[in-house]
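Undergrad:
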Amino acid sequence: MVEKKKSGYWLTHLGLILGVLFIFFPVWLTFVASTVTQDAIIYPPLPMLPGTEFFENYANALFRGSPEGYGAKVPVIKMMINSAIMAIGITVGKIIISLLSAFAFVYFRFPFRNLCFWLIFITLMLPVEVRIVPTYEVVANLNLLNTYTGLIFPLIASATATFLFRQFFMTIPDEMVEAARMDGCSPMRFFFDILIPISKTNIAALFVILFIFGWNQYLWPLLMTTDPDMRTIVMAIDSMIPTGDDYAHWPTVMATAMLAMVPPVIVVISMQKFFVKGLLESDK
Amino acid sequence: MDKRVFFKGWWLPALLVAPQLLISFVFFFYPSGQAIWNSLFLPDPFGLKTEFVGLDNFRFLLSDPYYLASFKTTIIFSTAVSVSSMALGLYLAALADRLIKGAGVYQTLLIWPYAIAPAIAGVLWLFMFNGNIGLASYYLKALGYEWNHTLKGDQAMFLVILASSWGRISYNFLFFLAGLQAIPKSIIEAAAIDGASFWKRFGTIVIPLLSPITFFLLVVNIVYAFFDTFGVIHTITSGGPEQSTTILVYKVFSDGFVSQDLGSSAAQSVILLVLVGILTVIQFKYIERKVHY
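Residue numbers (the working numbering), protein chains in the order written: chain A, 1 to 284; chain B, 1001 to 1293.
1) Given that a residue counts as buried once 16 or more other Cβ atoms are within 10 Å of its Cβ, and exposed if not, what is B:Gln-1283?
2) Suppose the cutoff is 7 Å on Cβ atoms and the five residues either side in sequence are ignored; what does the same chain contact list for A:Ile-152 look like?
3) Is DSSP giving B:Phe-1302 helix, strand or coil here?
4) Taking a cut of 8 Å between CB atoms, which residues from the segment 1253–1281 of chain B lie near chain A?
5) The beta strand (DSSP E) spanning B:Phe-1052 covers which residue range?
6) By alpha-carbon positions, which one of B:Thr-1245, B:Phe-1202, B:Gln-1268 ends up nearest to B:Gly-1256?
7) Count the CB pairs spanning the segment 1140–1153 of chain B and the segment 1060–1067 of chain B that are closer than 8 Å, and state whether there are at least three.
8) Under 8 Å: do the segment 1123–1136 of chain B and the segment 1232–1240 of chain B share three or more Cβ pairs, one atom per stretch?
9) Give me the chain A residues within the contact set of B:Thr-1108, using Cβ-Cβ distance strictly less than 8 Å, ordered along the chain.
10) Which residues mark the beginning and the end of the alpha helix (DSSP H) in which A:Pro-134 is found?
11) Evaluate contact between the segment 36–53 of chain A and the segment 248–268 of chain A, counting only Cβ atoms and requiring at least three cross-stretch pairs below 8 Å.
12) Which runs of the alpha helix (DSSP H), 4 residues or longer, sit entirely within the segment 65–120 of chain A?
13) Using the beta-carbon of each residue, which ones in chain B are nearer than 9 Å to A:Asp-238?
14) DSSP on A:Val-20, reduced to helix/strand/coil?
15) Give me the Cα-Cα distance between A:Tyr-136 and B:Leu-1143, rounded to the nearest whole angstrom.
16) From the DSSP output, read off the bridge partner residues of B:Phe-1007.
17) Using 9 Å as the limit for Cβ to Cβ distance, is A:Glu-53 near chain B?
18) In the segment 146–171 of chain A, which residues sit with their C-beta less than 9 Å from some C-beta in chain B, listed in chain order?
19) Expressed to the nearest angstrom, what Euclidean distance is found between the alpha-carbon atoms of B:Phe-1028 and B:Thr-1245?
20) Would you mind stating whether B:Tyr-1108 and B:Leu-1248 have Cβ atoms separated by less than 9 Å?
21) Do A:Pro-221 and A:Val-234 have their beta-carbon atoms positioned less than 9 Å apart in this structure?
22) Look up B:Arg-1201 in the DSSP assignment and say whether it is helix, strand or coil.
23) Let me see if you follow: with CB-CB separation under 9 Å, is A:Ser-101 close to chain B or not?
24) Which value, in whole angstroms, describes the spacing of the CA atoms of B:Lys-1285 and A:Asn-146?
25) Among B:Phe-1058, B:Lys-1008, B:Pro-1241, which one has its Cα closest to the Cα of B:Asp-1154?
26) If we define contact as Cβ-Cβ less than 9 Å, is B:Trp-1166 a contact residue for chain A?
27) Taking only the alpha-carbon atoms, compute the straight-line gap between A:Leu-124 and A:Ala-159 and give it to the nearest angstrom.
28) Quick one: what's got a C-beta closer than 7 Å to A:Met-80's C-beta in the same chain, skipping five residues either side?
29) Taking only beta-carbon atoms, is A:Pro-264 less than 9 Å away from chain B?
30) Kindly list the residues whose CB is nearer than 6 Å to the CB of A:Phe-121, restricted to its own chain and excluding five residues on each side of it in sequence; keep chain order.
31) Output the distance between the C-alpha atoms of B:Val-1291 and B:Trp-1166, rounded to the nearest integer angstrom.
32) If you compare alpha carbons, which of B:Gly-1033, B:Ser-1197, B:Asp-1056 is closest to B:Phe-1041?
33) Hey, does A:Met-1 have any beta-carbon neighbour from chain B nearer than 9 Å?
34) For A:Asn-60, count the other beta carbons within 10 Å of its own beta carbon; 16 or more makes it buried, fewer makes it exposed. Which is it?
35) Just mark B:Arg-1004 as buried or exposed, buried being the case when its beta carbon has 16 or more other beta carbons within 10 Å.
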């Protein structure tokens, strides 16, 4: 800071605190709504402080599902397990296939190497939303609707992670390979014993970004899952809110919304250092 | 850019790239090819046979007032989301950058909404602005302003912009903060000694030095507003009222899955494909500059 005026200092804090409040406010209201009775919500205004129904509402949502009959009565814990399987499947799948192919691109010369690289590189460009109808048909033809495989694999087909690992491998000094080869180290041994350990921070950074990407998927599970037992929490919440003038059971809906936010937020906050690194380097 | 030293053999690397190539072909190239192929055909209303119509689907789309309206909606929506979330992100980053101590605490407090799914953000804002029970609509009514985004298009638009920008501030904040912290303090101090005020320094030094990152963020935010906001729109308005919040990607979904108009939906996918392709090329032209931060 260049100036040292006292008033400027407090105004800076004030501005930031207003920003933080704007960010927090909707989440605070959601939390309050998840701890009160239905009556406290449908006769507005909503109180500003949490009520007494915390355990009641969360237990209801987690183990019994929405009581009003909007959306099938699937316990939210089931949806969270589905979300976790999808998020971790996408994350681990992407990291594994990208580590392998980036290793091949950087440390080998093979026929059609450039062509393969460009084919993978092009997939960077298109989000799944653009090719949604034909991708749905492919998955339907493979009999993968309502399966975890069908939820996970189409979202692994993207090159962001490959591109990042390639960039990182390029910065590793050549002497490493030279030394390894001189000691008679096989390529896969080099990969497992040297490359993976030194890529640890990059893997962690990608893990955070991809976990959030996977957990927050919406359109794809919405199309893919007709079986209520396969729904993920982020997509299922919409079906708990009726359109028109009917009332949703808001305490359950809001408890579900909180439960949908908690896992990715915990990942971001507990792995903040990796998250910032991953975000600034991968932008996806 | 190639390594000098490498391993020999070709079957091992072929094996290593095989999984990714296979997945890309099955779930990427084949469906994208299908989208392009389908865009040239028109299925009959009973779905029994399809007729080759060449570029007619595109010609029809470009003269369809609903499609053109959706284009306009997308432009208004993505501009509003990008500009407002970037402006707020820059504002907060500039404030945090002024602090010697405590910037880290504010960073933690500001970045976590990145983890909130757009669909969930939609639910939170829908709850606040719900016509019957929402807190915001209750107080607006008390002030004499009738809020009903299920009937009024401009209110619906405002709400989806608000919900989409809200979750995006943290992303822009983080990039702007990294950009600001990369600016050498000596430049700022030299200008201050020469008597330049805060705003003068901000306008003539900070903004120009931030321009590459601003440009990069603009492209990324437009891509976000084009595609990732699907969840916000689906939960809050479902594209309504009267298509006033139907952005392009929502129209692909509603024409393709709800109305089953496959030829038109495929043609729309191809148009989106071209748009996002252009945006990505622009982004990659500038990625070299971006890595300096």
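Yeah, the Cβ is synthetic: ideal placement off N, Cα and C, and Gly gets one too.
In this text the structure is predicted, and so the values were computed from the model without any measurement.
TA: Taking the structure as given:
1) buried
2) Met-86, Gly-89, Ile-90, Gly-93
3) Residue 1302 of chain B cannot be examined here, being either before or after the span of chain B that is shown, 1001 to 1293.
4) Phe-1253, Gly-1256, Phe-1257, Leu-1262, Ser-1265, Ala-1266, Ser-1269, Leu-1272, Leu-1273, Val-1276, Gly-1277, Thr-1280
5) 1050–1052
6) B:Gln-1268
7) no
8) yes
9) Ile-269, Gln-272
10) 132–141
11) yes
12) 76–107
13) Ala-1119, Gly-1122, Val-1123, Gly-1231, His-1234, Thr-1235
14) helix
15) 48 Å
16) A:Phe-108
17) no
18) Phe-153, Pro-154, Leu-155, Ile-156, Ala-157, Ser-158, Ala-159, Thr-162, Gln-167, Phe-169, Met-170
19) 28 Å
20) With the sequence shown as reference, residue 1108 of chain B is identified as Thr, and Tyr is not the correct amino acid for it. No, the pair does not count as a contact, with Cβ atoms beyond the cut-off.
21) yes
22) helix
23) yes
24) 40 Å
25) B:Pro-1241
26) yes
27) 5 Å
28) Ile-233, Leu-259
29) yes
30) Ala-159
31) Residue placement at B:Val-1291 is poorly supported in this model, since its pLDDT is 43, which falls under 50; the coordinates are not used for a value here.
32) B:Asp-1056
33) Any answer about A:Met-1 is weak, because its pLDDT of 47 lies below 50 and its placement is not dependable; what the coordinates show is given next. True, the Cβ-Cβ gap to chain B drops below 9 Å.
34) buried
35) exposed
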